[in-house]
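Enquirer:
2 protein chains.
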Amino acid sequence: MGDLEIRPAAAADLSAIVAMLADDPLGAQRESPDDLSPYLAALQRLTADPNQHLVVAVRDDRVVGTLQLTVIPGLSRRGSARSIVEGVRIHADERGSGLGTRLIEWAIEESRGQNCQLVQLTSDNTRTDAHRFYERLGFTASHVGFKLQL
Amino acid sequence: MGDLEIRPAAAADLSAIVAMLADDPLGAQRESPDDLSPYLAALQRLTADPNQHLVVAVRDDRVVGTLQLTVIPGLSRRGSARSIVEGVRIHADERGSGLGTRLIEWAIEESRGQNCQLVQLTSDNTRTDAHRFYERLGFTASHVGFKLQL
Chain A
1 MGDLEIRPAA
11 AADLSAIVAM
21 LADDPLGAQR
31 ESPDDLSPYL
41 AALQRLTADP
51 NQHLVVAVRD
61 DRVVGTLQLT
71 VIPGLSRRGS
81 ARSIVEGVRI
91 HADERGSGLG
101 TRLIEWAIEE
111 SRGQNCQLVQ
121 LTSDNTRTDA
131 HRFYERLGFT
141 ASHVGFKLQL
Chain B
1 MGDLEIRPAA
11 AADLSAIVAM
21 LADDPLGAQR
31 ESPDDLSPYL
41 AALQRLTADP
51 NQHLVVAVRD
61 DRVVGTLQLT
71 VIPGLSRRGS
81 ARSIVEGVRI
91 HADERGSGLG
101 TRLIEWAIEE
111 SRGQNCQLVQ
121 LTSDNTRTDA
131 HRFYERLGFT
141 ASHVGFKLQL
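As structure tokens, this is what we get:
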């Protein structure tokens, strides 16, 4: 396998990103890979926001992973910022290759560079493999994640 | 008790907000109520960011609660935004008054107004009273919340 590059996502990557979002037990019913227009509008909003870092992992000119890192300034912990990782997806061909680790390590390093004191994420209760993965990377399952659909 | 107002936080509210952040079993060791300068810098950063909504609840000219709502644009769910609630604090004198409910209901309404499809938050595993509170408000404890200190 060729070298891996992690770089900001661009419009030309959207089709590959949305295919990964849809190729997932939870994502299959929530996405519309045949209509990219809502995703393009969202990408423009993300790109304009300096606290948003949507990246893709590229190998041999192919998008094989994605992750969204959000920097959240705040008052608590003496005015420190934290970061939140969302939308981690790895192409089916790359699972088990260590790419997930590379992407999360990128997010941790970027968070340090942005002076965050904390990196946080939530993972669906059913994704037990993901839970073990995050614990191996040093994360602690210290919180309950609550969601309310609007 | 007088009427309650929920409004954006201002510099003059910082002392009261930080006192609430510090008046908490988890917050006591993490805050510096005697030195507000790092909080003022963070407030300026929050105020300049259109996706950040740091509010205070005020009754009889007294700050009695606070909450931070962050709007996070994203690609998943057809390019929908979500919101994250952080830093919910209620003054000790107001606990049990329904103020927590009022603040979370404000956050839900603001999230709808910002076209968010989802409101999410994490609560420390030890805060079991808070867990019941969020479930009563319609939230589902569907996720595990992972944190990594940097």
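Read top to bottom, the protein sequences are chains A and B. The numbering of the first sequence is UniProt numbering, which starts it at 1 and goes up by one. The numbering of the second sequence is UniProt numbering, which starts it at 1 and goes up by one. Note that CB positions come from ideal geometry on N, CA and C, so glycine has one too. Since the structure is predicted, the reported quantities are computational estimates derived from the model, not experimental observations.
1) Exposed or buried, which one is Ser-37(B) when buried takes at least 16 other CB atoms within 10 Å?
2) Cβ of Ala-12(B) less than 8 Å from any chain A Cβ?
3) Please classify Thr-66(B): is it buried, with 16 or more other beta-carbons within 10 angstroms of its beta-carbon, or exposed?
4) Measure the alpha-carbon distance for Pro-25(A) versus Ser-76(B) and round it to whole angstroms.
5) Checking the sheet assignment: what are the DSSP bridge partners for Glu-86(B)?
6) Does the separation of the CB atoms of Phe-146(B) and Ala-141(A) fall below 8 Å?
7) Under 8 Å Cβ to Cβ from residue 174(B), same chain only, skipping five residues before and after it: list those, please.
8) Between which two residues does the beta strand (DSSP E) carrying Arg-59(B) extend?
9) Taking three-plus beta-carbon pairs below 8 Å as touching, is the stretch 96 to 115 of chain A in contact with the stretch 107 to 123 of chain B?
10) For the alpha helix (DSSP H) containing Thr-47(B), name the first residue and the last one.
11) Let's test the definition: count the other Cβ atoms within 10 Å of the Cβ of Pro-50(B) and tell me whether it reaches 16, buried, or not, exposed.
12) Across which residues does DSSP place Thr-126(A) in a beta bridge pair?
13) Taking His-143(B) and Asp-124(A) to be in contact with their CB atoms under 8 Å, please state how far apart those CB atoms are, rounded to whole angstroms.
14) Suppose contacts are defined by Cβ-Cβ distances below 8 Å. Is Arg-30(A) in contact with Pro-73(B) by that definition?
15) For chain B, is any of its Cβ atoms less than 8 Å away from the one on Gly-27(A)?
16) Report yes or no: is there a C-beta of chain B within less than 8 Å of the C-beta of Asp-129(A)?
17) Leaving aside the five residues before and after Gln-68(B) along the sequence, list all residues of the same chain whose C-beta is less than 6 Å from its C-beta, in chain order.
18) Let me see if you follow: with CB-CB separation under 8 Å, is Thr-101(B) close to chain A or not?
19) Determine the burial state of Ser-15(A): buried for a count of at least 16 other Cβ atoms within 10 Å of its Cβ, exposed for fewer.
20) Given a cut-off of 8 Å, decide if Leu-137(A) and Gly-138(B) are closer than it, judged by their beta-carbon atoms.
21) Tell me whether the beta-carbon of Leu-43(A) lies closer than 8 Å to the beta-carbon of Ala-11(A).
22) Between which two residues does the alpha helix (DSSP H) harbouring Arg-78(B) extend?
23) List, in order along the chain, the chain B residues whose C-beta lies closer than 9 Å to that of Val-119(A)?
24) Can you give me the C-alpha to C-alpha distance between Arg-127(A) and Asp-35(B), rounded to a whole angstrom?
25) Alpha carbon to alpha carbon, how far is Ala-28(B) from Arg-82(A)? Give it in angstroms, no decimals.
26) Using alpha carbons as the reference points, say which of Asp-129(B), Gln-120(B) and Val-71(B) lies closest to Arg-95(B).
27) Below 8 Å CB to CB, which residues in the same chain sit around Ala-92(A) once its five sequence neighbours on both sides are set aside?
28) Report yes or no: is there a C-beta of chain B within less than 8 Å of the C-beta of Glu-110(A)?
29) My output table needs one value for His-91(B): the three-state DSSP class, helix, strand or coil.
Expert: Here's the rundown:
1) Reading the second sequence from its first residue, position 37 is the one you call residue 37(B). So Ser-37(B) counts as exposed.
2) In the second sequence, counting from the first residue as 1, residue 12(B) sits at position 12. It does not; no Cβ of chain A falls within 8 Å.
3) What you label residue 66(B) is simply residue 66 of the second sequence in a count that begins at 1. Its Cβ being crowded by 16 or more others within 10 Å, Thr-66(B) is buried.
4) Locating residue 25(A) in the first sequence gives position 25, counting from the first residue. Locating residue 76(B) in the second sequence gives position 76, counting from the first residue. Approximately 14 Å, taken between the alpha carbons.
5) Sequence index remark: in the second sequence, residue 86(B) carries index 86 (1-based). Partner(s): Gln-68(B).
6) As a first step, residue 146(B) is located in the second sequence; it is residue number 146 there, counting from the start. As a first step, residue 141(A) is located in the first sequence; it is residue number 141 there, counting from the start. Yes, they are a contact pair.
7) Chain B is shown only over 1 to 150; residue 174(B) falls outside these bounds and no answer can be derived.
8) To locate residue 59(B), count along the second sequence from 1; it is residue 59. From DSSP, the beta strand (DSSP E) with Arg-59(B) extends over 52 to 59.
9) no
10) Translated into the one-based positions of the second sequence, residue 47(B) becomes position 47. Its alpha helix (DSSP H) spans residues 37 to 47.
11) The residue given as residue 50(B) occupies position 50 in the second sequence. So Pro-50(B) ends up on the exposed side.
12) The count along the first sequence starts at 1 and reaches residue 126(A) at position 126. Thr-126(A) is not bridged to any residue.
13) One-based indexing of the second sequence puts residue 143(B) at position 143. One-based indexing of the first sequence puts residue 124(A) at position 124. About 6 Å; that satisfies the 8 Å criterion.
14) Residue 30(A) sits at position 30 when you count from the first residue of the first sequence. Residue 73(B) sits at position 73 when you count from the first residue of the second sequence. Contact: no.
15) In the first sequence, the residue the question calls residue 27(A) occupies position 27. Closer than 8 Å to some Cβ of chain B, the Cβ of Gly-27(A) qualifies, so yes.
16) Numbered from its first residue, the first sequence carries residue 129(A) at position 129. No, Asp-129(A) does not count as interfacial toward chain B.
17) Translated into positions along the second sequence, residue 68(B) becomes position 68. Correct list, in chain order: Leu-54, Glu-86 and Gly-87.
18) Looking up residue 101(B) in the second sequence gives position 101. So, not an interface residue.
19) In the first sequence, counting from the first residue as 1, residue 15(A) sits at position 15. Exposed, by the Cβ-count rule.
20) The count along the second sequence starts at 1 and reaches residue 138(B) at position 138. The count along the first sequence starts at 1 and reaches residue 137(A) at position 137. Not closer than 8 Å, so no.
21) Here residue 43(A) is taken as the residue at index 43 of the first sequence, counted from 1. Here residue 11(A) is taken as the residue at index 11 of the first sequence, counted from 1. In contact: Leu-43(A) and Ala-11(A) (Cβ atoms closer than 8 Å).
22) For the purposes of this step, residue 78(B) is taken as the residue at position 78 of the second sequence. First-last of the alpha helix (DSSP H) with Arg-78(B): 76 to 79.
23) As a position in the first sequence, residue 119(A) is number 119, starting the count at 1. What Val-119(A) touches in chain B: Phe-146, Lys-147, Leu-148, Gln-149 and Leu-150.
24) Reading the first sequence from its first residue, position 127 is the one you call residue 127(A). Reading the second sequence from its first residue, position 35 is the one you call residue 35(B). Roughly 42 Å between the two C-alpha positions.
25) As a position in the first sequence, residue 82(A) is number 82, starting the count at 1. As a position in the second sequence, residue 28(B) is number 28, starting the count at 1. Roughly 19 Å separates the two Cα atoms.
26) As a working mapping, residue 95(B) is identified with position 95 in the second sequence. Among Asp-129(B), Gln-120(B) and Val-71(B), the Cα nearest to that of Arg-95(B) belongs to Asp-129(B).
27) To locate residue 92(A), count along the first sequence from 1; it is residue 92. Answer for Ala-92(A): Asp-23, listed in chain order.
28) For this step, residue 110(A) is matched to residue 110 along the first sequence. Not an interface residue.
29) Along the second sequence, one-based indexing puts residue 91(B) at 91. Coil at His-91(B), not helix or strand.
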